[in-house]
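FYI, this note's numbering numbers position 200 of the sequence shown as 205, with every residue one higher than the one before it. Where a beta carbon is used, it is the ideal one built from N, C-alpha and C, also for glycine. Since the structure is predicted, the reported quantities are computational estimates derived from the model, not experimental observations.
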Amino acid sequence: MNILMVGDVFGAPGRRCLKSLLPGLRQRLALDLVVVNGENASGGLGLSSRVADELFSYGAGVLTTGNHVWRQRDLVPMLESEPRLLRPANYPQDAPGRGWTLAETKSGRRVGVINLEGRVFMNPLDDPFRVADEILAGPLRKVKIILVDMHCEATSEKQAMGRYLDGRVSAVLGTHTHVPTADERILAGGTAYQTDVGLTGPVDSVIGMDPKTATHRLRTFRPLPFKVAAGPTAINATLVRVDPETGKATKIERIYEALT
Numbered sequence: 006m007n008i009l010m011v012g013d014v015f016g017a018p019g020r021r022c023l024k025s026l027l028p029g030l031r032q033r034l035a036l037d038l039v040v041v042n043g044e045n046a047s048g049g050l051g052l053s054s055r056v057a058d059e060l061f062s063y064g065a066g067v068l069t070t071g072n073h074v075w076r077q078r079d080l081v082p083m084l085e086s087e088p089r090l091l092r093p094a095n096y097p098q099d100a101p102g103r104g105w106t107l108a109e110t111k112s113g114r115r116v117g118v119i120n121l122e123g124r125v126f127m128n129p130l131d132d133p134f135r136v137a138d139e140i141l142a143g144p145l146r147k148v149k150i151i152l153v154d155m156h157c158e159a160t161s162e163k164q165a166m167g168r169y170l171d172g173r174v175s176a177v178l179g180t181h182t183h184v185p186t187a188d189e190r191i192l193a194g195g196t197a198y199q200t201d202v203g204l205t206g207p208v209d210s211v212i213g214m215d216p217k218t219a220t221h222r223l224r225t226f227r228p229l230p231f232k233v234a235a236g237p238t239a240i241n242a243t244l245v246r247v248d249p250e251t252g253k254a255t256k257i258e259r260i261y262e263a264l265t
C-alpha cells in the first residue's frame, strides 16, 4: 500500500501546484491514499471551508491541520461535520472536531490517520504522547495501518514521538517547519519516520512568505501582515509503502516535484 503525505500547502500558489502535480504523482506512484496538511492553505494562515473542499477535489483523502486551525472561522462547522478533516487530537475535548479518522481506500483497506500538535515552543496543549496512547488503545485499536502527522516546532519532540510510537504505527511524519529534512528512515520497530515533510508552495520564499516582508518583520520586529511569496512552486511530500498485513513500513521516500 502506498500512502503519500503532502507537506503544508501554502496559499494559492501551493494549491495551484497541488492541483497540477498531484494527478501525475497519483498515477506514477500508484497511490492508495493521499494525506494533505492544509494548515496554511488559505493565504498562508489557516484553512477555510471553501479551500478545504478545493483540496478534497484535488484528491486529498484526509486533511490535517495544526496551530492555525482556528484562523478561518468558517472552518468550525466543517470540523464538526467532515470526518476527513482533522484538527490536532490533543486540543481540549470541547474543541470542535476531532484529531483522528479512519479512511478507506478503493481496495477496501482501512487506514487510520492521527493529527497531533507538539508543545515545545508552541501552545500549552494536552500531552500528545498520552493522547496518542488513548487513540491507539481506543478507536484505532484494531487498525493495522496508521499514519501520524506530528505538527511540531522542535525536532527533539518529533523524534521522541517517532521513537515512542515505533512499532505501533506505520509512520510518524512531521509538519509545521516547512523545510524538508533528510532524515527519512524506517525505525527498528517498522515505523517510517521523517522530522519534516516540508512545504508545498513558493520555492523562492521564507517558509512560504515573501522574502522582503519576512526580512522586514525580522529586522524591525513590526507585526507586518503576512504576504504569500510569488514565483516558482513545488510539492514536497513523502511516500510511505506499508505492508497491509502487518502495518509495518517497507519503504519511505522523499518526493520533490517542481511545477514547470
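In the three-state scheme derived from DSSP, where H, G and I count as helix and E and B as strand, residue 134 is classed as helix. Inter-segment contact for the segment 204-222 and the segment 16-32 is present: three or more beta-carbon pairs are separated by less than 8 angstroms. When 214, 234 and 248 are compared, the shortest CA-CA separation from residue 176 is found for 248. Setting aside the 5 residues that flank it on each side, residue 74 is surrounded in the same chain by 92, each with a C-beta closer than 6 angstroms to its C-beta; the list follows chain order.
Residue 54 and residue 10 do not touch by the CB rule: their CB atoms are close to 22 angstroms apart, not below 8 angstroms. For the segment 40-66, the full-length alpha helix (DSSP H) segments reaching 4 residues or more read 54-63 along the chain. Per the C-alpha coordinates, the member of 216, 165 and 89 positioned closest to residue 135 is 165. Residue pairing from DSSP places residue 257 in a beta bridge opposite 245. Residue range 105-109 is occupied by the beta strand (DSSP E) that includes residue 109, with no alpha helix (DSSP H) assigned at that position. Rounded to the nearest angstrom, the gap between the Cα atoms of residue 258 and residue 186 is 11 angstroms.
Taking C-beta atoms as the reference points, residue 105 and residue 123 fail to come closer than 8 angstroms.
In the DSSP annotation of this structure, residue 98 is not part of any alpha helix (DSSP H), being labelled neither H nor E. Non-local beta-carbon contacts of residue 229 in its own chain, meaning distances under 7 angstroms to residues more than five positions away in sequence, involve 218, 221 and 222 in chain order.
Uninterrupted alpha helix (DSSP H) stretches at least 4 residues long and entirely within the segment 143-194 occur at 160-170, given in chain order.
Per DSSP, the beta bridge partners of residue 240 are 262.
Counted as a single uninterrupted DSSP element, the alpha helix (DSSP H) harbouring residue 85 occupies residues 80-86. Residue 206 carries a strand assignment under DSSP once its states are collapsed to helix, strand and coil. The three-state secondary structure of residue 36, taken from DSSP, is coil.
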